[in-house]
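Undergrad: Would you mind keeping the following structure in view while I ask a few things?
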Amino acid sequence: MDIFRLYTKSIGMLLKSHLQYTSSFIMQTLAQLVMEGGEMMVVILIVDRFESLKGWTGGNLYFFFGMMSVSFYLTELFGRGITGDFPMMVRTGRLDTFLVRPRGVLTQVLCGGTDPRRITCIAVGVAALIMGSRLSGISWNLLKVFVLVESIAMSMLLILGLFMIEAIFSIFSVKSVELVNAITYGGRSACQYPIDIYPTPLRALFTVIAPFALTLHVPASWIMDKPLYGWPTWTAFVTPLSGAVVFIFMTVMFHLALRHYRSTGS
Amino acid sequence: MSYIEVNNLKKDFVVKKKREKGRLLREKDTVNALKGISFSVDKGELVGYIGPNGAGKSTTVKILSGILTPDGGSATVGGLVPWHERKAHVKNIGVVFGQRSQLWWDVPIIDSYSLLKDIYRIPQRDYEARLKELSEALQLDELMKTPLRLLSLGQRMRAELCGSLLHRPELLFLDEPTIGLDAVSKLSLREFLKWENKEHGTTIMLTTHDMEDIAALCSRVMVIGHGQKLFDGKLNDLLERFDTVRNVSVKYDAALPELVLPEGVECSKTEDGIKLSYKPSKLPTAKLLSILQDAGNISELTLQPENTDHLIAAMYKELDL
Amino acid sequence: MRAYLSVFKMRLRMELQYRGAMIGGILCQMFFGLILVALYRALYAGKPQSVPIESVATYVWLQQAFFRMMVASDSELLDKIRSGDISYDLCRPVNMYGFYYARVMAQKLMGSVMRAVPMLIMAFLLPKGWGITLPSSFSGFLACIPALALGLFCMCALENITVAFTMRTLDPRGMQGLLNLLMMTLSGNLLPLNLFPASWQKVITFFPYAQLLDAPIRLYTGEYIPADAFRVYVLQAFWVVVLISLGAAMWNANRKRMIVQGG
């Protein structure tokens, strides 16, 4: 509870500083809207031309897209400290100030960054979810709402965990942006479509190493009453937890890496 | 046992060399930043820690404040090992890095303090009392609502000090606190540090290049070079042992007056004035200046600044490093 | 002209320095390419289109290979704008538009060629239908090269327009983000332009963004026959002229404004 209060207070303060540059902030938020709108338009154009994708209807595709974009941009909104700012925190020595305070380093990193511009991207994602839900004729009940929330939360942990790879590299002052982008942004691009359209190696990658298939596709397809690979209901509840597993693993790695932190930035 | 105990502390850094032509992998080099340093500091001491750039000053401070993990040796602060019990340890310390800020750039400094209150879990009443005390001592009252980025360098340093002392740390590390400050700011900063040390018994360890800082503040000084401790003791002893000569040039309005100078001062005439060389350990600078002033109206006076680099250079010569 | 040439050469050498970033970038771009080809293959399995899958794959690979040409921007220049140092540059007697045009051109050319060559080799090694195919004809291949060059000219002119906007607002992220996005969508990077609805294509292919890579790629795959080449060049050249004049005018206006302000 105490940590939660600290987090909301920190984020409130960051918002204050963002709003000191109002016009630039509005401009950037609009740019984000156009960006995610463009991504969405591509899916609409694809549905318009191809109608369906290996048994998935247009509505299904919108739903997958919405799940991914809500999870991804919520992570960027709240986890900017990890998804964007961390290498700079190392370079400017802000990590040093975190280390001399009696709080968890990861907590402080997360408290140290937010990206409110993503709010428009999330709005596009929510619109896609609603559209997908209507077109797929999903009949909602409490269990489905629970699975939806669980799936988004776990996908967020997974995405955060993947971005932590870059954070860990930057502790050793190794630049890895482009390589890590392949798995993070690449994962987003690939997994906003259903996983079973991909050949086995790609499927394995996104099931075992970056398990978007487990945190997102299994529960989402169950919600749409089209369970992936025909897996039983309980899998929709259990497999998303792999997101937490990845996050915990990466957190441990992160703290191990901190022991070798050299603090060269100044 | 002393408050800070450091024993044979070692730290190596691996540095990648520039890639040579025709080689696929870069060669690596190990740099011994600390080659086994030992010292102890008692509670309430005010210690100056000096040495040339790259000598290992910051490395020591960073290990003692829990940022770096050493490669060998041991260290405890108040019985805690900084890199093992980081959170418990850093509750009791404050750190000010001269060139980087721990406050938030775009928001009023009072907001930063309020967040620090939550980070350190300071009780509200305690926080209010301490903030009042510090803002009086540091003259921050007027500045509380100003964002950090709009403060001058001197004001910023005062704001940083306040932030690092809110939680009443037992130990304060200062990494080159006076760098870039004007003379007035330097003086008031030193006054404050003396006050904090006296009033609350806060142990202070400061690294600096400015001998005036040391002379004004520290009863004890440690010198480090090439990762080794070269000297540990009183400032006067240091000055005596590795005495360097300091130069003053003076010009007078009228003709050169007769100067009665104590022994050990060399005097030579220049075109329109005189140049004096003296040893500050034998003859305090203030005394020499008053002698010069009493002799006549001074039109121009240049005092060669005293800095640690001269001293260290002399020490290296003597210790053959 | 001499001055521009030496700037160009210096930049080329600088680009060669960043080998590590280059390898990372190639792997990342390869991965994106694979995902996209896999997606289009799956889509084609359900409903084949008039454009064969091989040319879609070729389209994707060429887009990915020359991706760097589109996104690379001169970070040094952006820093100068933010810090205000740009005003010194603009007041120099040399034509600064040309100076920075040459710089950005070297950056884009070197950056994209060095990435494109290894990527295209790897893409050729992929199985048929996954990788890139040979050009439809030798004349198609020949026709593609000048088109690529004209596309690069167009690209650099666009980049300098973005920079001109940045000089006005001093904040590179807003306008740059917006223009970059327009470019990603309308140049065919997100979705090949030949998969857009036919009615949209008539308009989009006329836009400057389609001249960058879409037109050269279509010459390569044979969607535009070599006889079309002349028409393509004229349209490209038209945009090069328009965009350079527009950009230069904007730079000029910025310069005047800065001199008035006493920059």
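Chains as they are written, first to last, in this note's numbering: chain V, 1250 to 1515; chain Y, 15 to 335; chain E, 104 to 366. All C-beta atoms in this analysis are idealised placements derived from N, C-alpha and C, irrespective of residue type, glycine included.
E/Tyr203 lies in the alpha helix (DSSP H); which residues open and close that run?
TA: Met199 to Leu228 is the extent of the alpha helix (DSSP H) around E/Tyr203.
Undergrad: Can V/Gly1353 and V/Gly1330 be called in contact, C-beta distance under 7 Å?
TA: Their beta carbons are not under 7 Å apart, which means V/Gly1353 does not touch V/Gly1330 by this criterion.
Undergrad: In angstroms, rounded to a whole number, what distance separates the CA positions of E/Ser300 and V/Leu1294?
TA: Going by the sequence as given, residue 300 of chain E is Pro instead of Ser. Between E/Pro300 and V/Leu1294, the C-alpha separation is close to 7 Å.
Undergrad: Use the C-beta contact count for E/Ala318: other C-beta atoms within 10 angstroms, 16 or more gives buried, fewer gives exposed.
TA: Buried, because 16 or more other Cβ atoms sit within 10 Å of the Cβ of E/Ala318.
Undergrad: Note the first and the last residue of the continuous alpha helix (DSSP H) segment covering V/Phe1253.
TA: Per DSSP, V/Phe1253 belongs to the alpha helix (DSSP H) from Asp1251 to His1267.
Undergrad: With a Cβ-Cβ cutoff of 7 Å, do E/Gly149 and V/Ser1385 count as a contact?
TA: Contact flag unset, no.
Undergrad: With Y/Glu314 as the anchor, note down where its beta strand (DSSP E) starts and where it stops.
TA: That run of the beta strand (DSSP E) goes Ile312 to Leu317.
Undergrad: Just checking, does the region 188–206 of chain E make contact with the region 319–338 of chain E on the three C-beta pairs under 8 Å criterion?
TA: No, the region 188–206 of chain E does not touch the region 319–338 of chain E.
Undergrad: Taking just the CA atoms, how far does E/Phe244 sit from V/Gly1333?
TA: C-alpha separation (whole angstroms): 41 Å.
Undergrad: Who pairs with Y/Phe27 in a beta bridge, going by DSSP?
TA: According to DSSP, Y/Phe27 bridges with Y/Val45.
Undergrad: Excluding the 5 residues preceding and the 5 following Y/Ile136 in the sequence, name in chain order all residues of the same chain whose CB lies nearer than 7 Å to its CB.
TA: Excluding positions up to five away in sequence, the list reads Leu180 and His181.
Undergrad: Closest by CA to E/Trp233, which one among E/Phe309, E/Ala141, E/Met217 and E/Phe341?
TA: Of E/Phe309, E/Ala141, E/Met217 and E/Phe341, the residue nearest in Cα terms is E/Ala141.
Undergrad: Could you tell me which of Y/Gly50, Y/Asp26, Y/Val55 and Y/Gly58 sits nearest to Y/Thr44, measuring between CA atoms?
TA: Closest by alpha carbon: Y/Asp26.
Undergrad: Just to confirm the assignment, what range does the alpha helix (DSSP H) spanning Y/Gln116 have?
TA: Counting along the chain, Y/Gln116 falls outside any alpha helix (DSSP H), and DSSP gives it neither H nor E.
Undergrad: Using a Cβ cut-off of 8 Å, pull out every chain V residue sitting near E/Thr288, in sequence order please.
TA: Simply Gly1287, Met1290 and Val1291.
Undergrad: Can you pull the DSSP bridge partners for Y/Trp209?
TA: In DSSP, Y/Trp209 forms no bridge with anything.
Undergrad: Does the beta-carbon of E/Tyr200 have 16 or more other beta-carbons within 10 angstroms, so that it is buried, or is it exposed?
TA: Its Cβ being crowded by 16 or more others within 10 Å, E/Tyr200 is buried.
Undergrad: Give the range of the beta strand (DSSP E) segment to which E/Ala160 is assigned.
TA: Premise fails: E/Ala160 lies in the alpha helix (DSSP H), Ile156 to Ala168, not in any beta strand (DSSP E).
Undergrad: Looking at chain V, is there any beta carbon in it that lies within less than 7 Å of the beta carbon of E/Leu138?
TA: Strictly speaking, residue 138 of chain E in this sequence is Ile, with Leu absent from that position. Yes, because at least one Cβ of chain V sits closer than 7 Å to the Cβ of E/Ile138.
Undergrad: Listing by chain order, which chain E residues have their CB less than 8 Å from the CB of V/Met1284?
TA: Those are Gly280 and Leu284, listed as they occur along chain E.
Undergrad: Whose C-alpha, out of Y/Met219, Y/Lys301 and Y/Leu315, is nearest the C-alpha of Y/Tyr63?
TA: Ranking Y/Met219, Y/Lys301 and Y/Leu315 by Cα distance to Y/Tyr63 puts Y/Met219 first.
Undergrad: Rounded to whole angstroms, how far is the Cβ of Y/Leu175 from the Cβ of Y/Val110, which I believe are closer than 8 Å?
TA: Indeed they touch by this definition, with Cβ atoms about 6 Å apart.
Undergrad: May I ask you to report which of helix, strand or coil DSSP gives Y/Lys10?
TA: In the structure as shown, chain Y starts at 15 and stops at 335, and residue 10 of chain Y therefore has no counterpart that could be examined.
Undergrad: Taking any Cβ of chain Y, which residues in the region 1267–1282 of chain V have a Cβ under 8 Å from it, in chain order?
TA: Going along the region 1267–1282 of chain V in chain order, one finds Gln1269 with a Cβ nearer than 8 Å to chain Y.
Undergrad: Where does Y/Ile153 sit, in a helix, a strand or coil, going by DSSP?
TA: Ile is not the amino acid found at residue 153 of chain Y; the sequence shown has Gln there. Reduced to three states, the DSSP call for Y/Gln153 is coil.
Undergrad: What would DSSP say about V/Pro1468, mapped onto helix, strand or coil?
TA: Three-state result, V/Pro1468: helix.
Undergrad: Is it true that the CB of Y/Glu184 sits closer than 7 Å to the CB of Y/Asn106?
TA: Yes, the pair counts as a contact, with Cβ atoms nearer than the cut-off.
Undergrad: So V/Phe1299 contacts chain E; which residues on that side make the cut at Cβ distance below 7 Å?
TA: Neighbours of V/Phe1299 on chain E, chain order: Leu146, Gly149 and Lys150.
Undergrad: Since Y/Ala89 sits in a beta bridge, which residues does DSSP pair it with?
TA: DSSP, once it has assigned bridges, lists Y/Val20 as partnering Y/Ala89.
Undergrad: According to a CB-to-CB cut-off of less than 9 Å, which residues of the region 1335–1346 of chain V neighbour chain Y?
TA: Going along the region 1335–1346 of chain V in chain order, one finds Thr1341, Gly1342, Arg1343, Leu1344, Asp1345 and Thr1346 with a Cβ nearer than 9 Å to chain Y.
Undergrad: Check whether the Cβ atoms of Y/Gly241 and Y/Asn46 sit closer than 7 Å, and answer yes or no.
TA: Yes, these two residues count as a Cβ contact at 7 Å.
Undergrad: Of the choices V/Ile1408, V/Gly1381, V/Phe1503 and V/Leu1268, whose alpha-carbon is the least far from that of V/Ser1320?
TA: Out of V/Ile1408, V/Gly1381, V/Phe1503 and V/Leu1268, V/Ile1408 has the C-alpha closest to the C-alpha of V/Ser1320.
Undergrad: Run down chain V in chain order and give the residues with a C-beta less than 7 Å from the C-beta of Y/Met79.
TA: In the sequence as displayed, the identity of residue 79 of chain Y is Ser instead of Met. Here the neighbours are Val1349.
Undergrad: Please name the residue or residues paired with Y/Met219 in a DSSP beta bridge.
TA: DSSP, once it has assigned bridges, lists Y/Val61 and Y/Phe187 as partnering Y/Met219.
Undergrad: Are any of the Cβ atoms in chain V nearer than 7 Å to that of E/Gly254?
TA: Not one chain V Cβ lies under 7 Å of E/Gly254.
Undergrad: What is the DSSP secondary structure of Y/Pro122, counted as helix, strand or coil?
TA: Note: Y/Pro122 maps to strand in three-state DSSP.
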